[in-house]
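Report on one structure; see the data block that follows.
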Amino acid sequence: MPSASTGASTIVDASAATAVRTEAAPAPATSTGAAPLDVVPADSRMAPGGPGYRRMSFALFLAGVATFALLYSTQALLPLISGDFGVTASTASTASWTVSAATGALALFVLPLSALSERFGRRTLMTVSLAIAVAVGLLVPFAPSVGWLVALRAVQGAALAGLPVSAMAYLAEEVRPKALITAIGLFVAGNSVGGMSGRVITGWVAQEWGWRVALGVIGLIAVGCAVAFRLLLPAPKHFKAGSLRPAVLVRTVRGHLANPLLCRLYAIGALFMTVFGAVYTVIGYRLTDAPFSLPQGIIGSIFLVYLVGTVSASTAGKLVARLGRRGALYLAGGTTTAGLLVSLADSLPLILLGLVLITAGFFAGHAVASSSVSHTAKEGRAQASALYQSAYYLGSSAGGTLGAVAFHAGGWAGTVALGLLAVLGVVTITVVGSHAARTQRRLVAVHR
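First residue of the sequence shown? That's 2 in my numbering, and the numbers climb one at a time after it.
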């Protein structure tokens, strides 16, 4: 099966071929002692088992943990926040803005901050972004009203905008092409661990001491992750500073948006995240209601299923190697669909199984789509990743808000219906990409 997911087979294959050529041993010298003119220097970028790779992987893993722990720290606490501020479950969409404001602000600021990443460097921007987000995270527990809480969360999301886009660009520049999917999968796996630990920890802490203490604990954990990240991440060796001129940024963004493949990948990321955001925003409300009536600590523990996402994201490279990118996306969409349908049952074990399938499908699809963006963009990588992250977190914001509205209007079945529509969009876009790939191959064959 061709390796591209949505019509990028020639691009990805070219990258792989380049990697093979650059990693080849130098040819023997000529009789005069001079090296042949066509010798390509060995690739100095990082690879599994090579110098700095483990430090880099663990550092970005911790950055991913901090990002998702902070970004979704209020999601498992929405019923408690609703009760504390007098927001009832029937108006759950109001409390859901404590999540949507953070993800929406991230989506809006990711592109401007990508320009700073191009100018000042990936590691610098990641460090500053994480430091500001952590500082705001320590203020969030003291919010006097739901309005202040939403505002602080928006600032926190805007600060975090510089981290995921810079991380993707850093990996694309510092890691060899053959190892890129695996490296990005590990970063995404950090996202899943952060999302899981943030929700589980907040659930149990909030049950004993309230949601404010729970958010404070998450802030302290993020401080530790931020410090370790900065100490461990190797300095970049292949970064080349770009321009901050608006005209250059506009030209680069326009070029990416004119690329049909990139646009399809952006839409796929947004749709997958719409499903995920909708499901995990309202699952707490479903489980606190009859017939389940679960306590907050147990509801928080539900998010242990994020560990499934850790596995599916970190193994995305192997999945693509076996099925190709299109096949991996179809499998991710099918797994997510199965999870949505299973979760309709009024049985706690089946709901948990549904969440496992949804989580596995989402993280696999996200890892494949995001790594495809990094493969495809040959210049302006920060902007290419920024556009993906913007679409991705807009999907999260839309999913959180629309999921709450759908839940209020039609119960869990309404949320599932929203998710199924989003997965249908993923499959449709992938089919369109498959057709585009076949057409491109026919055109290449004709011109040969």
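Beta carbons are placed, not taken as given, at the ideal position from N, Cα and C, and that holds for glycine.
For residue i, write down the residues that DSSP places opposite it in a beta bridge.
i, result
"residue 176", "47"
With distance defined between alpha-carbon atoms, name the residue in the options nearest to residue i.
i, options, result
"residue 147", "239, 99, 396, 443", "99"
"residue 201", "138, 331, 218, 190", "218"
"residue 177", "238, 270, 400", "238"
"residue 80", "333, 397, 281, 165", "281"
"residue 274", "215, 420, 358", "420"
"residue 425", "335, 77, 106, 52", "335"
"residue 186", "412, 289, 368", "368"
"residue 75", "151, 352, 415", "151"
"residue 143", "134, 165, 153", "153"
"residue 411", "311, 163, 283, 332", "283"
"residue 315", "155, 97, 366", "366"
"residue 308", "403, 101, 364, 183", "364"
"residue 52", "118, 236, 199, 131", "236"
"residue 130", "167, 105, 102", "167"
"residue 222", "278, 198, 212, 361", "198"
"residue 338", "382, 277, 397, 384", "277"
"residue 141", "103, 127, 117", "103"
"residue 285", "352, 385, 175", "352"
"residue 263", "165, 287, 385", "385"
"residue 204", "347, 77, 416, 70", "77"
"residue 313", "444, 360, 290", "360"
"residue 139", "117, 62, 225", "225"
"residue 422", "357, 241, 400", "400"
"residue 59", "133, 382, 229", "229"
"residue 354", "382, 329, 304, 332", "304"
"residue 311", "175, 49, 362, 403", "362"
"residue 45", "231, 240, 133, 107", "240"
"residue 1", "266, 116, 132, 357", "Because the chain spans 2 through 449 in this model, residue 1 falls outside it and cannot be assessed."
"residue 48", "134, 415, 182", "182"
"residue 62", "188, 109, 97, 134", "188"
"residue 87", "106, 70, 119, 145", "145"
"residue 402", "101, 179, 394, 437", "101"
"residue 505", "249, 437, 379", "Outside the modelled stretch of the chain, which goes from 2 to 449, sits residue 505, for which no answer is possible."
"residue 242", "155, 383, 108, 306", "383"
For the alpha helix (DSSP H) containing residue i, list its first residue and its last residue.
i, result
"residue 85", "79-85"
"residue 146", "Element bounds for residue 146: n/a, residue is neither H nor E."
"residue 261", "261-289"
"residue 71", "54-72"
"residue 293", "No alpha helix (DSSP H) holds residue 293; DSSP gives it neither H nor E."
"residue 1", "Only positions 2 to 449 of the chain appear in this structure, which leaves residue 1 out of reach."
"residue 138", "123-140"
| Can we say the segment 107-123 touches the segment 162-173, given the rule of at least three CB pairs closer than 8 angstroms? | Under the Cβ criterion (8 angstroms, minimum of three pairs), the segment 107-123 counts as touching the segment 162-173.
| query | Are there three or more Cβ pairs, one per stretch, closer than 8 angstroms when the segment 152-160 is compared with the segment 207-217? | reply | As far as the Cβ criterion goes, the segment 152-160 does not touch the segment 207-217, which means the pair count is below three.
| Is the segment 374-389 touching the segment 335-345, taking contact as three or more C-beta pairs under 8 angstroms? | Counting Cβ pairs under 8 angstroms, fewer than three are found: no touch.
| message | In chain order, what are the residue ranges of uninterrupted alpha helix (DSSP H) at least 4 long that sit wholly in the segment 302-368? | response | Taking only runs of at least 4 residues, the alpha helix (DSSP H) segments lying wholly in the segment 302-368 are 307-315, 317-343.
| Segments assigned beta strand (DSSP E), at least 3 residues, entirely inside the segment 224-258 | Taking 3 residues as the minimum length, the segment 224-258 contains no beta strand (DSSP E) run wholly inside it.
| Three or more C-beta pairs below 8 angstroms linking the segment 186-195 and the segment 286-297 | No, the segment 186-195 is not in contact with the segment 286-297.
| request: Report yes or no: do the segment 60-67 and the segment 245-264 share at least 3 C-beta pairs separated by less than 8 angstroms? | output: Look at the beta carbons and you see the segment 60-67 not touching the segment 245-264: under three pairs across the two are nearer than 8 angstroms.
| request: Examine the Cβ distances between the segment 312-325 and the segment 427-447 and report whether three or more of them are shorter than 8 angstroms. | output: Of all C-beta pairs linking the segment 312-325 to the segment 427-447, fewer than three are shorter than 8 angstroms, placing the two stretches out of contact.
| said: For the structure I just gave you, are there three or more beta carbon pairs, one from the segment 214-234 and one from the segment 398-414, closer than 8 angstroms? | reply: Judged by Cβ distances under 8 angstroms, the segment 214-234 makes no contact with the segment 398-414, as fewer than three pairs qualify.
| field | Given 8 angstroms, three or more beta-carbon pairs between the segment 377-392 and the segment 261-273 | value | Using a Cβ-Cβ distance cut-off of 8 angstroms, the segment 377-392 and the segment 261-273 are in contact, since at least three pairs of beta carbons, one from each stretch, lie closer than that value.
| request: Would you list, in sequence order, the uninterrupted alpha helix (DSSP H) runs of no fewer than 4 residues that lie entirely inside the segment 370-412? | output: Counting only runs of 4 or more residues that sit fully inside the segment 370-412, no alpha helix (DSSP H) segment turns up.
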